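Undergrad: Take this structure, written in structure tokens, and hold onto it; I'll ask about it next.
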Amino acid sequence: MSGEHTLNGIQAASNLGEFPRKRRLWFDWPIGARVQKTIKTRSLAVGVAICLLTTLGWAQPSIADILPAPEARSVSEALKAVDEKNSFRAKASFRKIKNPLARKIVTWARLSQPDPKASFAEIAGFMAENPDWPDNKELQRRAEEAMSGQADAEATLNWFKDKKPLSGDGMASLGEALMASGRTAEAKKLLRKAWINGDFTKRRARAFYKRHRRLLGIDDHWQRLDRLLWKGRYWPVRRMMWKVKPDYRALAVARMFLRQRRGNVDTAIAKVPDHLNNDPGLIYERLRWRRRRGKYEGAMEILDNPPNDLIHPQRWWVERAAVARQALQKGHVSDAYRLARNHGLKSGKEFAEAEWLSGWIALQFLNDAPSAKDHFLAMYKVVKFPVSRARGAYWAGRAFSALNDKDSADIWYRKAALHSTTYYGQLSAARLRPGDGLEMSQQAQPGGRQEKAFEAQELVAAVRLLAEIGEQDRLKPFILRLNEMAKSPDWKILTAALAEASGRPDLSVSIAKRAARKGLALNDAAYPSLIPPPMHVRAGTQTLEVPLVLAVIRQESVFHVSAKSHANAQGLMQLLPRTARKVAMRLGIPFSRRRLVTDGAYNLTLGQAYLSGLVEEFKGSYVLALAAYNAGPNRARQWLKRNGDLRKADVDSIDWVEMIPFNETRNYIQRVLENLQVYRHRLAHTEVALGLERDLHQ
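Numbered by this note's numbering, the letters in the sequence shown go through residues 99 to 796 in order.
In structure tokens form, the structure reads like this:
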């Protein structure tokens, strides 16, 4: 498949008013005859295309294939009642379900809920009988909640023979069982740990304290309060205030006032005794408060004299990086480098980011290629994911190039170019082979050795059942659990195909991304495709290339029609309702919030019009349009004014993107542009030269 895509005989409408509400649009990717046979159900596999109906959504199958229609409705009603914690209605619907697998799915959903009103024996029994079912750790937490008062010491100790407690309730139950068994020293240690590190409901925390307060010292109370303060748990913090000494109470109040940016913070800080002024949590909250208030010099003062023990160095890095970028923006390059270099981290993704930022500042702003090289190599050593490895290798190549070491530079560019679907991998490939097309890893093909074992999995049947009755939004834990069980490439291919066939291309992409980290290319699953509706006649003069639309959809919703973000962005192109309303008014079509997540064609029509307007406003610049799409047009204009016009030859567009102060927006632009190169390659009939450098400058 090089990207051939059709509407399968369905006439495209010229404007939204002509779209039939039951219009079919098609995802089109080959999944191989063997896999088609494996995943084929009557309504889910149509040739090699996955058909989505109404919403670009789901071709409603014949429910009778798996369940009689009344029983299918009962399953959906029971699941909805479980979500709403309506136990009476859930039980009533559950009684009408005869299918054993359907009953098990509803039981699993009920037991996985917080406070499921189930006994320890029921949850433990379900886990023992269904060890391969998803969310096993969540079920264990539910069992630990139910354990108190229901399991005797012997049963509790047996339960924890092969597992560690996952919750405060679990630690408490195990500690009490140890105490009852005469293992007093172990019990006391674990009960203190439960109090310090465990999260409890208000009622359970009160009960724990009442039972074990004689074991707990004032230092235990402060350690618990300190942890809750770092996590910003306002109500548990308030309940802990009266269990610590007045000095520490004043410290806790000051930290919470700073964290919540409340008034009278100076008064609260003044009440902290001198001997607690160097508390790392207090200093951190003062730093964060100053940075968020734009008090740059004050934040610098703290970062130049940090506590010896940061407690949570990863949190400190977030603040340090933000202030370092502020320093860079102000032209204080040496300060920015010093802040980044003195990160104090030893490992983890924050260490990698700190080393990268240090190297970038050294290379691009201080012309210190030797130091930059060391930073980039240190970053490369600790990262594992393709995006990060390509990033580290590309910049190592840039550093060696600045040192006039072309051979070493090419070695590192080749390492980056191995990750050909990543932004920096594509930039590296363009440096090595100007004018050449994208070279993607060969699509893995199923060998057919795992089909019977896969088909025999109860979770596969559960996925099909849920998909058949229209419960696609409940498939994620089942699909991902199947993927976790994979012991061969075949299994991953089959799982990705099942996700596609079940109307969840987003999960197929997730599986493909995880496979790529292991060197397995599932290109067809990784890059779903669809035919967008034609641009609305009032959308403007700026047409959009289909690969750009697909690239945005892949980053925004991963082709999940009903996707909703924490910020309330909705549907395929993740439109905020207020933005969608304005676009609908401009196009002269009715606005419907519901259709944003139920009608993919509607969402795409509005989303394409909005994106087209941004590309037109920024005179064809994809980078600026994408920055505006993600962070808002006003911010894109600010960055254009502050960092220069990247469309001009004297502005380094790669640095321009990296200068964006928001991690999310930098990542967004890079991911969409890398997707764009892949979709151009897949939809073309001939080889297309990599256009990333052109896209960055246009």
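Even glycine gets a Cβ: it sits at the ideal position worked out from N, Cα and C.
Nothing here was measured: the structure is a model prediction, and the numbers come from that model.
Whole angstroms is fine: what's the gap from residue 136's alpha carbon to residue 626's?
TA: At residue 136, the pLDDT of 35 sits below 50, so the modelled position is not reliable; the number obtained from the coordinates is stated separately. If you take the alpha carbons of residue 136 and residue 626, they lie about 20 Å apart.
Undergrad: Whole-angstrom Cβ separation of residue 459 and residue 435, contact assumed at under 8 Å?
TA: About 5 Å; that satisfies the 8 Å criterion.
Undergrad: Compute the distance between the beta-carbons of residue 646 and residue 673, then report whether it is under 7 Å.
TA: Result no, Cβ atoms of residue 646 and residue 673 do not sit closer than 7 Å.
Undergrad: Nearest to residue 693 by CA position, among 686, 687 and 701, is which residue?
TA: Per the Cα distances, 701.
Undergrad: Is it true that the CB of residue 640 sits closer than 7 Å to the CB of residue 719?
TA: No, the Cβ-Cβ distance between residue 719 and residue 640 is not below 7 Å.
Undergrad: Residue 796 and residue 524: beta carbons closer than 7 Å?
TA: For residue 796 and residue 524, no; Cβs fall outside 7 Å.
Undergrad: For a quick check, are the C-beta atoms of residue 699 and residue 689 less than 7 Å apart?
TA: In this structure, residue 689 does not lie closer than 7 Å to residue 699 by Cβ.
Undergrad: Which of the three DSSP states is assigned to residue 559 in this structure?
TA: In this structure, residue 559 counts as helix in the three-state DSSP scheme.
Undergrad: So, residue 757 versus residue 741, is the Cβ gap smaller than 7 Å?
TA: Contact flag set, yes.
Undergrad: Quick check: what's the CA-CA separation for residue 431 versus residue 402?
TA: The alpha-carbon atoms of residue 431 and residue 402 are separated by roughly 15 Å.
Undergrad: Looking at C-alpha atoms only, which residue of 249, 568 and 549 is the closest neighbour of residue 602?
TA: Comparing Cα-Cα distances from residue 602 to each of 249, 568 and 549, the minimum goes to 568.
Undergrad: By the three-class DSSP mapping on this structure, what secondary structure does residue 358 have?
TA: Coil.
Undergrad: Kindly identify the DSSP beta-bridge partner or partners of residue 787.
TA: DSSP output for residue 787 lists 535 as bridge partner(s).
Undergrad: Could you tell me how far apart the beta carbons of residue 221 and residue 244 are, in whole angstroms, since I believe they sit closer than 8 Å?
TA: With 8 Å as the limit, residue 221 and residue 244 qualify as a contact, their Cβ atoms being about 6 Å apart.
Undergrad: Are residue 573 and residue 564 closer than 7 Å when you measure CB to CB?
TA: Result yes, Cβ atoms of residue 573 and residue 564 sit closer than 7 Å.
Undergrad: Counting pairs of Cβ atoms below 8 Å between the region 327 to 334 and the region 360 to 371, do you hit three or more?
TA: Not touching, per the Cβ criterion.
Undergrad: Residue 139 to residue 664, Cα distance in whole Å?
TA: The pLDDT assigned to residue 139 is 33, lower than 50, so where the model puts this residue is not dependable, and the model offers no usable value.
Undergrad: Between which two residues does the alpha helix (DSSP H) harbouring residue 262 extend?
TA: Run containing residue 262: none; DSSP gives neither H nor E here.
Undergrad: Considering only the alpha carbon of each residue, which of 614, 618 and 623 lies closest to residue 605?
TA: Selected option, being the one with the closest Cα: 623.
Undergrad: Count the other CB atoms within 10 Å of the CB of residue 387; is the residue buried (16 or more) or exposed (fewer)?
TA: Buried, because 16 or more other Cβ atoms sit within 10 Å of the Cβ of residue 387.
Undergrad: Apply the 10 Å Cβ neighbour rule to residue 593 and answer buried if 16 or more other Cβ atoms are within range, or exposed otherwise.
TA: With 16 or more other Cβ atoms within 10 Å, it is buried.
Undergrad: Would residue 755 and residue 767 qualify as a contact pair, given that the criterion is a beta-carbon distance under 7 Å?
TA: Yes, the pair counts as a contact, with Cβ atoms nearer than the cut-off.
Undergrad: Check whether the Cβ atoms of residue 273 and residue 285 lie closer than 7 Å to each other.
TA: Their beta carbons are under 7 Å apart, which means residue 273 touches residue 285 by this criterion.
Undergrad: Taking its Cβ as the centre, do 16 or more other Cβ atoms sit within 10 Å of residue 316, making it buried, or is it exposed?
TA: Per the 10 Å Cβ criterion, exposed.
Undergrad: Could you spell out the range, first to last residue, of the alpha helix (DSSP H) harbouring residue 281?
TA: Residue 281 -> no alpha helix (DSSP H), and no H or E assigned at all.
Undergrad: With which residues is residue 673 paired in a DSSP beta bridge?
TA: 668, per the DSSP bridge assignment.
Undergrad: What would DSSP say about residue 662, mapped onto helix, strand or coil?
TA: Looking at residue 662 - three-state DSSP - the assignment turns out to be strand.
Undergrad: Which two residues bound the contiguous alpha helix (DSSP H) that contains residue 234?
TA: Counting along the chain, the alpha helix (DSSP H) containing residue 234 begins and ends at 234 to 245.
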